[in-house]
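Below: one structure, written as structure tokens.
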């Protein structure tokens, strides 16, 4: 029995406005599969993307043009995009870490790219081999050239709610990084809780810091990890603040691959269940989505981390 | 790194009032262990309860006086209570299904009991062998006699948000059942989402129906299951409505025992993580709680369903 058979949904009665429609930014093919120890065959990736598009998802983060030395799981980016039947009305953004990545993305004919920045000094140095400021010296020419080439650019901001080395992250610092990405030409920010430590209160705090500094809530997406079980509660808090783009991963792909039960990205199925309950449109065929994640779990040889998928397809 | 190291929590800025303190009603020893295929030895149960009390939990639902034929896992209720070192300041409520159960509970010297009612006709017939009205003929004398004996009585209302046979459940029907339990002498209702289908919107709808009918929000507890990943988001919705008692199960015990990954009750650890983030007092020593659940998972021979426990103790 789905939530939709349980009566007509109604809006939360709190006086806050929930959005009437949410765009789901599906990150499973990129953020999920890049964490697999065994490389997924390109034809499986193509079928995964095709099934997700048929299930009604209209934003599919397809792959990353990071150097294959760093992420061998996505070394087939060119071949994937060449094989992919890109559908009308579906965006297939790709991650580009630098100018070389942008060259590859342009050659592959992509129309949407994303850059991946850090909100904290330590993570910038560890993950990007640059400081908090130095990362912009790398990104700004990439964003500028992407825009000149007519591409849309999304800016990921990681460690927005906490950092394993620095602990708490000041919302002002997150806003400073985010605004610099917007000023450089990003059309949207995805605020990432990379280590899963956000709670509803810190989500509201960071979103408020952005809107108080003049950033429109419509330019902000949220990207939660379920490490401590908070991802969906955090999403609810963000929706109540008016956020209309939510990142999620079909079947919850993206957990640590060497621990069967590890939890990663917010599962798209769990998100859709919440949105259905709240009466928020999303355009996704729930049954087709669950079927796709169950199929992918079989390909990966382990159960889906999504509670919905396990309950319905387990 | 715990959420508490991530900076001082602040209140949600929505204008709604969150409670300053929440009472966690720990149901793991009863609602969790009653689902185990293999009976847990009584000395393990006693140690589990003792560890939970030492971790600062002050309401521990200890066992059930249901007939051992139905729940052999809790057939040791008398022995458990006899062995248990009941601490000052800690309540040890027990479930009593009928007059015989109350006799046993009184003989064991309990001070808090709970009765288990259904919000729907079908579940009442299937689980309690009585209709929706007939269940009161069974409960009312139990509640009356418990009260006369000086006991506090809690009323569980199951299937408040959906029923596997009836689908949607009208909030008015839930309110009617709940009010009848309050009128009979229950001091508190625990509104149960027995099959995990509630979402934030239906939680608010049911709570509003109660308060609009004159029931104080302080007389209502919530009891969520994480079948579809919604339990914590539902809890957040309930807290924002002013609910101050939340049922949860240490380590998320209570999943279907024959499926390793099945999800059951809201995990107490995930709840504590949320409450810490929201700056809501609860009195629980988080590390001692996680350690207890990790210990219990070892006793049960399978990983804890709690995301927090898996992340910190896995």
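Chains as they are written, first to last, in UniProt numbering: chain A, 1 to 314; chain B, 1 to 314.
Beta carbons: idealized from backbone N, C-alpha and C, even for Gly.
- Looking at the DSSP output, residue 63(B) sits in a beta bridge with 94(B).
- Not flagged as an interface residue toward chain A: residue 22(B), since no C-beta distance is shorter than 9 Å.
- Residue 25(A) is bridged by DSSP to 59(A) and 247(A).
- For residue 264(B), no chain A residue has a Cβ inside 8 Å of its Cβ, as the nearest lies near 11 Å away.
- Against residue 173(A), chain B offers no close residue; the least beta-carbon distance is about 12 Å (beta-carbon pairs closer than 7 Å).
- A direct Cα-to-Cα measurement between residue 29(A) and residue 48(A) gives close to 7 Å.
- In this structure, residue 61(B) places its C-beta atom within 9 Å of the C-beta atom of residue 95(B).
- Among the residues of the stretch 194 to 212 of chain B, those with a Cβ less than 7 Å away from any Cβ of chain A are 197, 199, 200, 201, 202, 204, 205 and 208, in the order of the chain.
- DSSP places residue 110(B) outside any alpha helix (DSSP H), giving it a letter other than H or E.
- DSSP, reduced to helix, strand and coil, places residue 302(A) outside both helices and strands of the structure shown, so it counts as coil.
- Taken in chain order, the complete beta strand (DSSP E) segments of 3 or more residues contained in the stretch 148 to 212 of chain B are 152 to 158 and 188 to 192.
- Residue 116(A) carries a strand assignment under DSSP once its states are collapsed to helix, strand and coil.
- In this structure, 145(B) is the residue among 145(B), 186(B) and 172(B) with its C-alpha nearest to the C-alpha of residue 106(B).
- For residue 127(A), the three-state secondary structure derived from DSSP is helix.
- The beta carbon of residue 235(A) sits closer than 9 Å to some beta carbon of chain B.
- In the three-state DSSP reduction, residue 39(B) falls in the coil class, being neither helix nor strand.
- If you check each beta-carbon in the stretch 216 to 241 of chain A against every beta-carbon of chain B, the ones closer than 8 Å belong to 226, 227, 228, 229, 230, 232, 233, 235, 236, 237 and 240.
- Take residue 168(A), set aside five residues on each side of it, and the residues of its chain with a beta-carbon closer than 7 Å to its own are 162, in chain order.
- With contacts defined by Cβ atoms closer than 9 Å, residue 160(B) and residue 115(B) do not form a contacting pair.
- Look at residue 289(A) here: in three-state DSSP terms it is helix.
- In the three-state scheme derived from DSSP, where H, G and I count as helix and E and B as strand, residue 33(A) is classed as helix.
- Residue pairing by DSSP puts residue 265(A) in a beta bridge opposite 225(A).
- Under DSSP, residue 220(B) forms a beta bridge with 189(B).
- Per DSSP, the beta-bridge partners of residue 281(A) are 21(A).
- By the 16-neighbour rule on beta-carbons within 10 angstroms, residue 213(B) is exposed.
- Separation of the CB atoms of residue 76(A) and residue 112(A) is rounded to 19 Å, and the pair is thereby denied contact status at 8 Å.
- Put simply, of 56(B), 53(B) and 79(B) the residue whose alpha carbon is nearest the alpha carbon of residue 63(B) is 79(B).
- Bounds of any alpha helix (DSSP H) do not take in residue 87(B), whose DSSP letter is neither H nor E.
- When C-alpha distances from residue 296(A) are compared across 37(A), 17(A) and 33(A), the shortest belongs to 33(A).
- Interface flag for residue 277(A) against chain B is set, since a Cβ pair is found closer than 9 Å.
- Between residue 290(B) and residue 312(B) the beta-carbon gap is near 5 Å, inside 8 Å, which marks them as a contact.
- For residue 193(A), same chain residues with a beta-carbon under 6 Å away, outside a window of 5 residues either side, are 161, 224 and 225 in chain order.
- When secondary structure is reduced to three states using DSSP, residue 135(A) falls in the helix class.
- As the crow flies, the alpha-carbon of residue 280(A) is around 5 Å from that of residue 20(A).
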